[in-house]
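One structure below.
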Amino acid sequence: MKIALIGYGKMGKTIERLALEDGHQITHRIHKLERNEDLSLADVAIEFSIPEAAPDNILYCLEQGLAVISGTTGWLDRYQEVINKCEACNGCFVYASNFSIGVNLFFHLNRQLAQIMNSYPQYDVSMEETHHIHKLDAPSGTALTLAEYIIEARDELSGWTLENGQDNNLFINAIREGEVNGIHEITYGSEVDRISIKHQADSRDGFAKGAILAAQWSLGRQGVFSMTDVLNLNTAPGGENN
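The sequence shown: position 139 = 139 (full-length UniProt numbering), numbered continuously.
Listed below in structure tokens is the structure:
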């Protein structure tokens, strides 16, 4: 597989290292994508840049005929524009707020638990997420994905908030400290007990491995997908088709 790396920061370099170990080829290492960049040598673009650049990066790569894997968060106000371009180009686009296989299994578990707990309103739900101090968005894209599933399932919730004590909103405690790779914990608490599920990333390798897996999966496909599709979680035992 021939990969163009769009965004060559810490994540891009981790993807490069692991992709080369797996026998793949890196055709481009691009910090800032220019509109005249020749991407014809690549099969797929893996895009981890910044929110301001991501939509135009993705649009350009689709126009160049590449499948695109994007893990950049904070730009989804232009998501429909990307979908339209992907359809017009008969391309393939895979977006995830987090490509870690473990995190996506955690997403699935979180969704199932939220559906179960909706029948038990005596349990209040909250979330805590911790990331390194360089993380640009708060809450993180991962936290927002988790929150969307909880809000969708819980009848009493209408949105999320970063301020504790607001009725009808899921409280997300977003902590930024040190060089933490990412910790997310969902807690359901009652007067007598607590139920928690937690995911902790120990390195960036998990995110990078998931992105490479998604890139391999995307080859030869057309459409807009997520890691739920890549991991076939739509039909996982006990799950619901989306």
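Quick reminder that beta carbons are idealized off the backbone N, C-alpha and C, glycines included.
Within its chain, find whatever has a CB closer than 8 Å to the CB of residue i; leave out the 5 residues flanking it on each side and keep chain order.
{"i": "G178", "result": "H132 and I133"}
{"i": "V44", "result": "M1, K2, I3, A4, L66, A67, V68, I69, A215, S218 and L219"}
{"i": "L20", "result": "I26"}
{"i": "H24", "result": "M1, K2, I3 and I212"}
{"i": "K198", "result": "I183, H184, E185 and I186"}
Given this structure, state the Cα-to-Cα distance separating residue i from residue j, to the nearest angstrom.
{"i": "Q200", "j": "L109", "result": "14 Å"}
{"i": "L18", "j": "L62", "result": "24 Å"}
{"i": "I186", "j": "I212", "result": "28 Å"}
{"i": "I173", "j": "S158", "result": "Per the sequence shown, the amino acid found at residue 173 is Asn instead of Ile. Their Cα atoms are separated by approximately 17 Å."}
{"i": "M127", "j": "A138", "result": "13 Å"}
{"i": "N90", "j": "P121", "result": "45 Å"}
{"i": "T130", "j": "H28", "result": "32 Å"}
{"i": "C86", "j": "Q80", "result": "10 Å"}
{"i": "R194", "j": "I50", "result": "37 Å"}
{"i": "Y95", "j": "H184", "result": "20 Å"}
{"i": "N36", "j": "A53", "result": "15 Å"}
{"i": "I6", "j": "V192", "result": "50 Å"}
{"i": "residue 262", "j": "D167", "result": "With the chain covering 1 to 242 only, the question about residue 262 has no answer from this structure."}
{"i": "L39", "j": "D77", "result": "26 Å"}
{"i": "G206", "j": "E156", "result": "34 Å"}
{"i": "Q115", "j": "K32", "result": "42 Å"}
Which same chain residues, not among the five before or five after residue i, have their C-beta less than 7 Å away from its C-beta?
{"i": "V82", "result": "P55, I58, L59 and F93"}
{"i": "W160", "result": "A147, I151, N169, L170 and I172"}
Given residue i, which residues of its chain have a CB within under 6 Å of its CB, disregarding the five upstream and five downstream residues?
{"i": "residue 252", "result": "Summary: the structure shown does not reach residue 252, with the chain confined to residues 1 through 242, and so no result is reported for it."}
{"i": "T14", "result": "R204 and A208"}
{"i": "residue 308", "result": "With the chain running from 1 to 242 in the structure shown, residue 308 is simply not present."}
{"i": "N104", "result": "M227 and L231"}
{"i": "N98", "result": "T142"}
{"i": "F225", "result": "V94"}
{"i": "L136", "result": "none"}
Can you check which of these residues, the options, is closest to residue i by C-alpha distance?
{"i": "W75", "options": "L170, I69, I175 and G141", "result": "G141"}
{"i": "Q64", "options": "T73, R78, E34 and G9", "result": "E34"}
{"i": "A42", "options": "I30, S49, I50 and E52", "result": "I30"}
{"i": "S119", "options": "L136, R154 and E87", "result": "R154"}
{"i": "A88", "options": "R194, Q222 and T73", "result": "Q222"}
{"i": "N164", "options": "F48, V125 and G71", "result": "V125"}
{"i": "G71", "options": "G12, F106, S196 and E16", "result": "G12"}
What residues are listed by DSSP as bridge partners for residue i?
{"i": "R194", "result": "G189"}
{"i": "L231", "result": "According to DSSP, which records beta bridges pairwise, L231 is partnered with nothing at all."}
{"i": "V224", "result": "F93"}
{"i": "Q216", "result": "Answer by DSSP bridge pairing: none, since Q216 is not bridged."}
>> At 3 residues or longer, what runs of the beta strand (DSSP E) sit wholly inside the UniProt domain "Dihydrodipicolinate reductase N-terminal" (1-99)?
In response: 2-6, 25-30, 44-47, 67-70 and 92-95
> What alpha helix (DSSP H) runs, 4 residues minimum, are completely inside the stretch 101-167?
Replying inline: 101-117 and 141-153
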